[in-house]
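First comes the structure, then the notes that go with it.
Chains as they are written, first to last, in the working numbering: chain A, 3 to 346; chain B, 3 to 346.
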């Protein structure tokens with residue numbers, strides 16, 4: 003890179019950038035008509051993830067429309083179980099399905115061939131870095147071991163992730179073995195994304211909120227810390243955002259314990275607490291995605307509250323969870339304008 | 003009542019009782035074969051709630067088996083929308099359904115006839131107080147306005163309660179009107195339960211965890227505080243437990259702000275934070291229900307950790323959420339024995 007560092011990288015280095023850089027989780031998604039059009043050309047959802055041409059196209063769409071400060075690789079956290087041959091498929095209107103894994107199958111699991119399977123995703127990253135505007139950061143990502151494991155054990159998404167919690171109580175050794183394997187494979191996968199041109203990577207622990215205190219330490223903090231350790235040992239400059247959705251007060255030491263550069267905050271995190279967390283390091287978040295659907299005063303009030311509470315420190319503006327298909331693209335334009343029009 | 007006060011009432015008055023009294027959320031439920039037998043005799047699920055004879059029977063079943071310190075009225079939080087003529091029905095294997103409510107319908111909503119509709123539930127409370135052992139406390143309950151409203155707006159249970167969050171952003175006035183009506187009706191309903199013999203009542207705010215900071219104040223704290231105010235104005239001795247599941251750090255001032263005697267804690271609340279909360283007043287909780295399914299070391303370790311952290315203050319031992327159908331009744335017996343065998 004020749005010019006000034008990309009804004010999101012500056013924030014990840016601890017700098018306050020004003021107005022704050024902005025991107026939205028799931029910004030390449032069904033709320034955009036151009037996404038739905040490209041999506042219709044792919045066969046299944048995973049075909050879209052594994053087609054560099056189409057994945058590049060959908061990743062770029064929101065950048066063209068809104069000029070976000072970061073593009074995030076279009077992919078899915080479940081490409082890892084797919085690469086582990088767990089027969090992942092996306093059932094229209096029902097969400098993901100895969101073969102539920104048991105103790106015996108965990109013992110037989112290994113990472114052979116995983117990176118080969120994911121080569122098209124890495125190719126997408128490579129092409130993206132070439133096609134993105136110079137000033138736009140490129141983010142890679144993967145799921146955190148706990149969150150990926152909840153799907154692998156239940157074979158699907160589940161309320162409260164009860165099957166994975168139960169499995170962890172019943173078979174703690176097998177469960178830790180699964181998390182270790184996922185941590186190692188995922189770390190390798192992130193390293194390849196970084197080498198292919200990702201400026202930073204985000205680790206999504208979407209279901210961290212259902213873990214009790216000790217389980218949060220063992221299943222959310224420890225594997226993510228291990229991943230970041232592996233990545234940093236090999237790529238000391240790597241920048242990592244860790245997003246433990248619903249983790250509430252467990253976020254207090256989450257950045258320090260995992261070694262992440264920044265932490266993502268979901269919309270339920272009180273802004274007073276977010277401001278405290280920001281004293282320790284950069285934060286990302288945390289507008290309720292429903293405010294983008296609603297628009298109007300609920301959108302501007304939500305944006306302003308975040309800017310007021312967190313705008314004077316290292317902040318990456320984002321939603322508190324992925325944007326939903328019902329969001330009006332015009333509201334997204336208003337959101338970006340509001341953030342960029344922030345008075346210093 | 004002639005003898006000593008019931009243990010749970012003592013705890014609700016702020017006393018430390020050792021070993022702590024115990025009951026389990028959803029203790030009258032599908033994990034018990036005798037429940038499934040009685041359930042099969044009723045027509046639909048709501049028929050069971052509205053049949054004093056059968057509802058008394060299932061309420062007493064776990065008391066006979068385990069001698070819990072409290073019986074909780076067998077009913078459902080959705081009897082309120084049912085009484086409001088929202089066409090509530092329980093679809094086997096799919097959960098509750100009702101007619102989704104909109105702005106116009108909220109304007110037409112009124113509490114006429116609600117208490118008449120709920121008379122069979124009150125009759126159940128009356129009979130229970132006669133049939134329960136003298137030392138067993140009787141708990142009444144209802145849903146908190148926010149949680150009940152999430153079902154009324156979506157017409158069903160929903161992930162992240164997105165429809166209700168969106169509705170509240172779009173139509174704040176109508177939404178507050180709905181919460182006010184629910185608060186007033188629910189308070190009257192609780193007063194009738196108390197008059198019929200309930201020693202205490204619990205307000206379930208099962209979906210409080212998806213609310214942002216300001217929404218938590220407006221939609222979780224305020225309506226529950228209003229309910230407790232109405233109840234206390236008319237029944238100054240009333241004892242109230244407020245359970246805001248998933249509320250995380252919002253629990254900090256929840257007891258003081260709502261005026262509840264005790265607060266319920268879900269299993270994700272760290273025990274160190276729970277101990278802090280206990281300094282302000284009695285707490286109830288918070289074993290992960292999956293530990294009861296798993297049994298063995300995961301059960302005893304979980305119980306012991308709670309007793310160690312919270313056993314020396316005012317504590318009502320409970321789960322952090324309802325017991326699940328998969329729980330082994332033998333594990334429940336072990337749980338009760340472990341809590342009662344607590345070394346002081």
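We put the CB at the ideal spot given by N, CA and C, even for glycine.
Cα-Cα separation, residue i to residue j
i	j	result
residue 30 of chain B	residue 123 of chain B	15 angstroms
residue 149 of chain B	residue 208 of chain B	6 angstroms
residue 346 of chain A	residue 68 of chain A	In this predicted model, residue 346 of chain A has a pLDDT of only 44, less than 50, meaning its place in the structure is not dependable enough to derive any value.
residue 217 of chain A	residue 218 of chain B	26 angstroms
residue 37 of chain A	residue 159 of chain A	24 angstroms
residue 7 of chain A	residue 137 of chain A	8 angstroms
residue 166 of chain A	residue 289 of chain B	16 angstroms
residue 19 of chain A	residue 76 of chain A	26 angstroms
residue 65 of chain A	residue 331 of chain A	13 angstroms
residue 1 of chain B	residue 230 of chain B	Residue 1 of chain B lies beyond the stretch modelled for chain B, which goes from 3 to 346, so this question has no answer here.
residue 105 of chain A	residue 241 of chain A	34 angstroms
residue 276 of chain B	residue 11 of chain B	20 angstroms
residue 16 of chain B	residue 50 of chain A	59 angstroms
residue 78 of chain A	residue 307 of chain B	37 angstroms
residue 333 of chain B	residue 25 of chain A	48 angstroms
residue 260 of chain A	residue 197 of chain A	22 angstroms
residue 129 of chain B	residue 80 of chain B	22 angstroms
residue 328 of chain B	residue 97 of chain B	17 angstroms
residue 343 of chain B	residue 284 of chain B	21 angstroms
residue 90 of chain A	residue 238 of chain A	33 angstroms
residue 70 of chain B	residue 339 of chain B	11 angstroms
residue 258 of chain B	residue 61 of chain A	48 angstroms
residue 268 of chain A	residue 323 of chain A	6 angstroms
residue 256 of chain A	residue 113 of chain B	47 angstroms
residue 162 of chain B	residue 215 of chain B	15 angstroms
residue 35 of chain A	residue 341 of chain A	24 angstroms
residue 59 of chain A	residue 52 of chain A	12 angstroms
residue 94 of chain B	residue 303 of chain B	35 angstroms
Beta carbon of residue i nearer than 9 angstroms to that of residue j
i	j	result
residue 108 of chain B	residue 179 of chain B	yes
residue 14 of chain B	residue 263 of chain B	yes
residue 92 of chain A	residue 46 of chain A	yes
residue 250 of chain B	residue 271 of chain B	yes
residue 280 of chain B	residue 248 of chain B	no
residue 199 of chain A	residue 88 of chain A	no
residue 74 of chain A	residue 142 of chain A	yes
residue 266 of chain B	residue 245 of chain B	yes
residue 287 of chain B	residue 235 of chain B	no
residue 318 of chain A	residue 135 of chain A	no
residue 41 of chain B	residue 32 of chain B	yes
residue 72 of chain A	residue 140 of chain A	yes
residue 188 of chain B	residue 103 of chain B	no
residue 221 of chain B	residue 177 of chain B	yes
Chain D contact residues for residue i, given Cβ-Cβ distances below 8 angstroms
i	result
residue 296 of chain B	Checking the listed chains, one finds no chain D in this structure; the protein chains it contains are A and B.
Distance between beta carbons of residue j and residue i, contact taken as under 8 angstroms
i	j	result
residue 152 of chain A	residue 164 of chain B	Incorrect: roughly 20 angstroms between the Cβ atoms, too far for contact.
residue 309 of chain B	residue 336 of chain B	At roughly 14 angstroms, the Cβ-Cβ gap does not stay under 8 angstroms, so residue 309 of chain B and residue 336 of chain B are not in contact.
residue 111 of chain B	residue 48 of chain B	The Cβ separation is near 20 angstroms, so there is no contact.
residue 125 of chain B	residue 54 of chain B	4 angstroms
residue 273 of chain B	residue 312 of chain B	7 angstroms
residue 194 of chain B	residue 117 of chain B	6 angstroms
residue 296 of chain B	residue 181 of chain A	That pair is no contact at about 17 angstroms.
residue 2 of chain A	residue 85 of chain A	Because residue 2 of chain A is not part of the residues shown, which for chain A are 3 to 346, the question remains open.
residue 204 of chain B	residue 155 of chain B	Not really, about 23 angstroms apart at Cβ, beyond 8 angstroms.
Closer than 8 angstroms: residue i CB and nearest the ligand FMN heavy atom
i	result
residue 24 of chain B	In the structure on display, the ligand FMN does not appear, and there are no ligands present to speak of.
Interface positions of the segment 166 to 195 of chain B facing chain A (Cβ-Cβ less than 7 angstroms), listed along the chain
Taken in chain order, the members of the segment 166 to 195 of chain B whose beta-carbon sits within less than 7 angstroms of a beta-carbon on chain A are 167, 168, 171, 172.
Could you please tell me which residues of the segment 300 to 313 of chain A, in chain order, have their CB closer than 7 angstroms to any CB of chain B?
Under the 7 angstroms Cβ criterion, the segment 300 to 313 of chain A contributes 300.
If the cut-off is 8 angstroms on Cβ atoms, which residues from the segment 245 to 257 of chain A count as contacting chain B, listed in chain order?
For the segment 245 to 257 of chain A, which is checked against every Cβ of chain B, the residues closer than 8 angstroms are 248, 250, 251, 252.
Completely contained beta strand (DSSP E) runs for the segment 197 to 268 of chain B, where each covers 3 or more residues
As summarised for the segment 197 to 268 of chain B, the continuous beta strand (DSSP E) elements at least 3 residues long and confined to that stretch are 202 to 207, 242 to 246, 264 to 266, given in chain order.
Give, in chain order, every residue of the segment 260 to 282 of chain B whose Cβ lies closer than 7 angstroms to some Cβ of chain A.
Going along the segment 260 to 282 of chain B in chain order, one finds 269, 270, 272, 273, 275 with a Cβ nearer than 7 angstroms to chain A.
Residues of the segment 208 to 228 of chain A in Cβ contact with chain B at a cutoff of 7 angstroms, in chain order, please.
Residues 211, 212, 213, 214, 215.
Members of the segment 328 to 340 of chain A that neighbour chain B once the beta carbon cut-off is set at 9 angstroms:
Listed in sequence order: 328.
Which residues, in chain order, does the segment 104 to 125 of chain B contribute to contact with chain A at a C-beta distance below 7 angstroms?
Listed by position, the residues of the segment 104 to 125 of chain B near chain A (Cβ gap below 7 angstroms) amount to none.
Curious, which full-length alpha helix (DSSP H) runs of at least 4 residues does the segment 51 to 98 of chain A contain?
Complete alpha helix (DSSP H) runs here, min 4: 54 to 68, 81 to 85.
Any C-beta of chain B within less than 8 angstroms: which residues of the segment 153 to 165 of chain A qualify?
Residues 161, 162, 164.
Give the residues from the segment 51 to 78 of chain A that approach chain B closer than 7 angstroms (Cβ to any Cβ), ordered along the chain.
The residues in question: there are none.
As an exercise, report each continuous alpha helix (DSSP H) stretch of at least 4 residues that is fully enclosed by the segment 127 to 183 of chain A, in chain order.
Fully enclosed alpha helix (DSSP H) runs of 4 or longer: 147 to 156, 164 to 172.
At 3 residues or longer, and completely inside the segment 275 to 330 of chain A: list those beta strand (DSSP E) runs for me, N to C.
For the segment 275 to 330 of chain A, whole beta strand (DSSP E) runs of length 3 or above, ordered along the chain, are 285 to 289, 317 to 321.
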